Each structure stands twice: as structure tokens, then as C-alpha cells.
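If you read the sequences in order, they're chains A and B. Start counting the first sequence at 13; every next residue gets the next number (the working numbering). Start counting the second sequence at 123; every next residue gets the next number (the working numbering). Step one of this worksheet: look at the structure below.
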Amino acid sequence: MIDNPNPNGMADLAEGGDAALEAALRSSAAALPGAPSPDLDRMLAERAAAEELLDVAYATVDSPLGPLVVAATPRGLVRVAYTESTADAGVLEELARKLSPRVLEAPARLDAARRELDEYFEGRRTDFDLPLDWSLTGGFTSKVLQATARIAFGATSTYAEVAGQAGSPRAVRAAGNALGANPLPVVVPCHRVLRTGGGIGGYTGGLDRKEYLLRLEGVLI
Amino acid sequence: MKLPPFQALLDEHRVDVYRYCVATAGRSEADDCFQETWIAALRAYPKLRRADNLRAWLLRIAHNKAMDLHRSRGRRAVPVEAVPEPAAGGAAPPGEGALPDEEPELWEAVRGLPPKQRTAVFCRTVLGMPYEELARLLESSEDAARRNVFEGLRTLREGWTP
């Protein structure tokens, strides 16, 4: 492991016994435990939270729509993201960039969100009772999404209506963009917003998911 | 400054940091060393100005935490001249820092080295760390990093029989 040539004449001195010594160090290091216990990770996340160093906690939650990455700040749930696989790192990078790089996996911090999502998908919950952190939204988007948050389970609205409730009845296209940028799908039910006249409209997670949610809520048969 | 999510660091470097803690702070203090290292890293992380070579940055923190633990447990670093004689009297009683492997006395001797040599020997022999990275970790020149590896290995060799 000693680089050659070695300056200061060390190479010669380092030859010989050191090869065996280094081999012994390496082989005994191979017997070191490979990884800390999972308990240690859990304790680390808890201590980070206690010391107010856990700016963004996240977990992966299984759902009928595939794994969801859910993330929370100390203020509340900040992000729900559809993923195509659990290895999808894009959403974590987005959170690090937009909120704080102190992003840690801490499933225990998201127990309430997981439980409520499970109940919703099992048909045992019609509205969410979770504190929300709207940090990832602003301006008109925020107004549109807050209007959307008031649409009840089983009911629907239209892009024009939510635009109106957000204070700009003619900004229908902008309302559609705002819904497309919803950082909290499912929990803020942008899937309940349809086209005037009944067309299903669009959905960031894909139309299959929008239709699934509307069927779950009894809007589509 | 665009920093990766902290979890990515933890996933990538958790094993190296933990092995460093076990090897240099001892098994009984490894969990504390590990946790103190990551909490300190998390505290400093948003202000980090360079995102390259995060391994050296993390092991620098671990190096400092291992020294803190040594100090707070009232252990003085054993001077180079007084490295325990590992071969003497056969098996040493498994001290609190003993490792469950064939050569616990070897790592005991590593833990007896001055802190920079201890870190240098581990990073070089176990992680195969380039001298440039080791120099950054030790906040020294590359020559000084080489000398720390060399001196550490020389001391270990003096008290070691293959």
C-alpha cells in the first residue's frame, strides 16, 4: 500500500516487514463489524431531531399507487412524491436544494402520515388530519392549492372554479399549472379538480393514478 | 453551494466511519464515536463550502471525536516509546477496546499510537486512501501524511511478530 517511489528514503525502510504487517491490519480490519446496527441509525435520527438538526425527515410508504416518498419538516408534512422505484433520488435532491441539505431518513417521524395514508387507501379515512408545511409553494400556486385542499372527499371541482377561489377566475391555465406543481398530491387533493364539462384533465402522477383515486372516492364508477 | 441530501452521505460513508470508530476508539466507544461524528457533521453540513471529498471531511470529524472520547474517558495517548508489547505473555486479557478478531492486540497497539498516526495507519492500510486525501484529512502536507503512516507502521512493527 505504500506508494512508490516514496520520498525521503522511506520506501526502503517501509519494505519487508510492513507488507505482512499491513496484510495483518487489513485482514483484522475485515473482521471489524461491517456496519453499525440499524438501532444506531434510528438513535441518530432521534438525536438529530432533538437537537433541531433534522430539517427534513423522510420515509417511503407503500401504496396501491406505488411507493410514495413522504417528507416532513418540524412544521409539518411538506412533500408527497410518486416514485417509479424506491431508489428514486430525484425527490431527495429537490428537498435538499429547496429546503435544506439536512435530509435524513427517519421513518418514525412520519408514523402519523403513514397511518393516515394507509387508512385513506383502505377506504377508512376521508380527510387528512396532518399539519402541512406549504414551504414548497408560493404566490398563486399556494392560493390554488389551499382552495383545492377544501374540496371534500367524493366531491369535485373545476380548474375554473379553483382559479376563481384563488382570486383570478380567468387564470384557468395558470390554475392547471399550479395543480401540476402540487407538492402534496393525495393529501392536497388535486385529483378532485376536473375540466369544466367533466373531462378528467391532467395529473402529474399520470392519469391512471388520478382515475384510481377518483374511483376510490366513488366519483368514477 | 449544491450539497447532496445528507442521507446520501450517511449511506455512502456509514461503514467506513463505523469501522474507523471501532478500530481507533475501540468497540465499546465506537457507537458514541459514530453518533458524535454524524451529529457534528449534520450540524456543520449546510455551511460546508466544498462538496468534494466528503469522506476526508467526515473522517476528520471522526478523528476529532475519537480524540475527544479518549480525553473524556481519562485516557492519555500512550507515547510512541511505550506501545504495549503485544507479544509479551501471550494473549492479553480482552480489554474493553478488544476486537473480536485474530489480532486484537494489533489494534490495541494501533490505539496506542499518537492520534495522527493512528488515523493515518487506518486510512492508508484499511481504506487504501490516497496521500492527497489523507493530507487533507490530517490538515497537513502530503509529506507529513506519509511520515505519519511510516512512523505508525514502524512503531507497530517493532512490537509485532507475524
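By construction, the Cβ of each residue, glycine as well, lies at the ideal position given by its N, Cα and C atoms. Just so you know, these numbers come straight off a predicted model, no measurement behind them.
Sub-7 Å separation of Ala36/A and Leu228/B beta-carbons: As a working note, residue 36/A is residue 24 in the first sequence. As a working note, residue 228/B is residue 106 in the second sequence. Yes.
Cβ of Arg279/B within 7 Å of any chain A Cβ: In the second sequence, residue 279/B corresponds to position 157, counting from 1. Arg279/B counts as touching chain A.
Rounded distance between the beta-carbons of Ala152/B and Leu180/B, thought under 8 Å: Reading the second sequence from its first residue, position 58 is the one you call residue 180/B. Reading the second sequence from its first residue, position 30 is the one you call residue 152/B. Their Cβ separation, rounded to whole angstroms, is 15 Å, which puts Leu180/B and Ala152/B out of contact at 8 Å.
Same chain, Cβ closer than 6 Å to Ala187/A, five either side skipped, listed in chain order: Sequence index remark: in the first sequence, residue 187/A carries index 175 (1-based). Excluding sequence neighbours, Ala187/A sits near Val156, Tyr171, Val174 and Ala175.
Leu122/A beta carbon less than 7 Å from that of Ala84/A: Looking up residue 84/A in the first sequence gives position 72. Looking up residue 122/A in the first sequence gives position 110. Yes. Within cutoff.
Cα-Cα separation, Arg182/B to Glu105/A: Indexing the second sequence from 1 puts residue 182/B at position 60. Indexing the first sequence from 1 puts residue 105/A at position 93. Rounded to whole angstroms, the separation of the alpha carbons of Glu105/A and Arg182/B is 25 Å.
Local conformation of Arg241/B per DSSP, three classes: The count along the second sequence starts at 1 and reaches residue 241/B at position 119. Residue identity differs from the one stated: residue 241/B is Thr in this sequence, not Arg. Note: Thr241/B maps to helix in three-state DSSP.
Whole-Å CB distance - Val231/A paired with Thr160/A, under 8 Å assumed: Sequence index remark: in the first sequence, residue 231/A carries index 219 (1-based). Sequence index remark: in the first sequence, residue 160/A carries index 148 (1-based). Between Val231/A and Thr160/A a beta carbon distance of about 15 Å is seen, past the 8 Å cut, so the two are scored as non-contacting.
Coil, strand or helix - Gly213/A by DSSP: For the purposes of this step, residue 213/A is taken as the residue at position 201 of the first sequence. Gly213/A: coil per DSSP, three-state reduction.
Buried versus exposed, by CB contacts within 10 Å (16 or more), Arg149/B: Looking up residue 149/B in the second sequence gives position 27. Using a 10 angstroms sphere on the CB of Arg149/B, the tally of other CB atoms reaches 16 or more, which defines it as buried.
Proximity winner among Pro127/B, Thr283/B, Trp282/B and Tyr253/B, relative to Arg269/B (alpha-carbon distances): Translated into positions along the second sequence, residue 269/B becomes position 147. The option with the nearest alpha carbon to Arg269/B is Tyr253/B.
Proximity test, Cβ basis, 7 Å: Arg165/B and chain A: Along the second sequence, read from residue 1 onward, the residue named residue 165/B stands at position 43. So, interface residue.
Val103/A beta carbon less than 7 Å from that of Ala93/A: The sequence position of residue 93/A within the first sequence is 81, counting from 1. The sequence position of residue 103/A within the first sequence is 91, counting from 1. Remark: C-beta atoms of Ala93/A and Val103/A approach each other more closely than 7 Å.
Contact residues within the segment 76–91 of chain A, judged by C-beta distance below 8 Å to chain B: Per Cβ criterion, the list is empty.
Inter-residue CB distance, Ala120/A and Arg54/A (contact presumed, cutoff 8 Å): Against the first sequence, residue 120/A aligns to sequence position 108. Against the first sequence, residue 54/A aligns to sequence position 42. Rounded, the Cβ-Cβ distance is 7 Å, consistent with contact.
Where the segment 124–136 of chain B meets chain A: residues whose CB sits under 8 Å from a CB there: Using a CB distance below 8 Å, the part of the segment 124–136 of chain B facing chain A consists of Lys124, Leu125, Pro126, Pro127, Phe128, Gln129, Ala130, Leu132 and Arg136, ordered along the chain.
Reduced DSSP category for Ala190/A - H, G, I as helix; E, B as strand; rest coil: To locate residue 190/A, count along the first sequence from 1; it is residue 178. Ala190/A: helix per DSSP, three-state reduction.
First through last residue of the beta strand (DSSP E) which encompasses Tyr70/A: As a working mapping, residue 70/A is identified with position 58 in the first sequence. Its beta strand (DSSP E) spans residues Val68 to Val73.
Within-7 Å CB hit, Leu259/B to chain D: Among the chains of the structure shown, chain D does not appear; the protein chains present are A and B.
DSSP state of Arg137/A mapped onto helix, strand, coil: Taking the first residue of the first sequence as 1, we reach residue 137/A at position 125. The answer is coil: DSSP assigns Arg137/A none of H, G, I, E or B.
Sequence-distant residues of the same chain with beta carbon closer than 7 Å to Arg165/A, five excluded per side: For the purposes of this step, residue 165/A is taken as the residue at position 153 of the first sequence. Sequence inspection shows Phe at residue 165/A; the Arg mentioned does not correspond to that position. When the five nearest sequence neighbours on each side are left out, the beta carbons in the same chain lying within less than 7 Å of the beta carbon of Phe165/A are those of Thr138, Asp139 and Glu229, in order along the chain.
Endpoints, the beta strand (DSSP E) within which Val200/A is located: Within the first sequence, residue 200/A is the residue found at index 188, counting from 1. Premise fails: Val200/A is in no beta strand (DSSP E) and is neither H nor E.
Counted within 10 angstroms of its Cβ, other Cβ atoms place Asn194/A as buried (16 or more) or exposed: Walking along the first sequence from the start, residue 194/A turns up at place 182. The C-beta of Asn194/A has 16 or more other C-beta atoms within 10 Å across all chains shown, which makes the residue buried.
At least three beta-carbon pairs within less than 8 Å, the segment 131–146 of chain B to the segment 129–138 of chain A: Short answer: they don't touch.
CB-CB length for Thr153/A against Ala190/A, believed under 8 Å: Numbered from 1 along the first sequence, position 141 holds the residue referred to as residue 153/A. Numbered from 1 along the first sequence, position 178 holds the residue referred to as residue 190/A. Contact annotation, Thr153/A with Ala190/A: C-beta distance approximately 4 Å; criterion of less than 8 Å satisfied.
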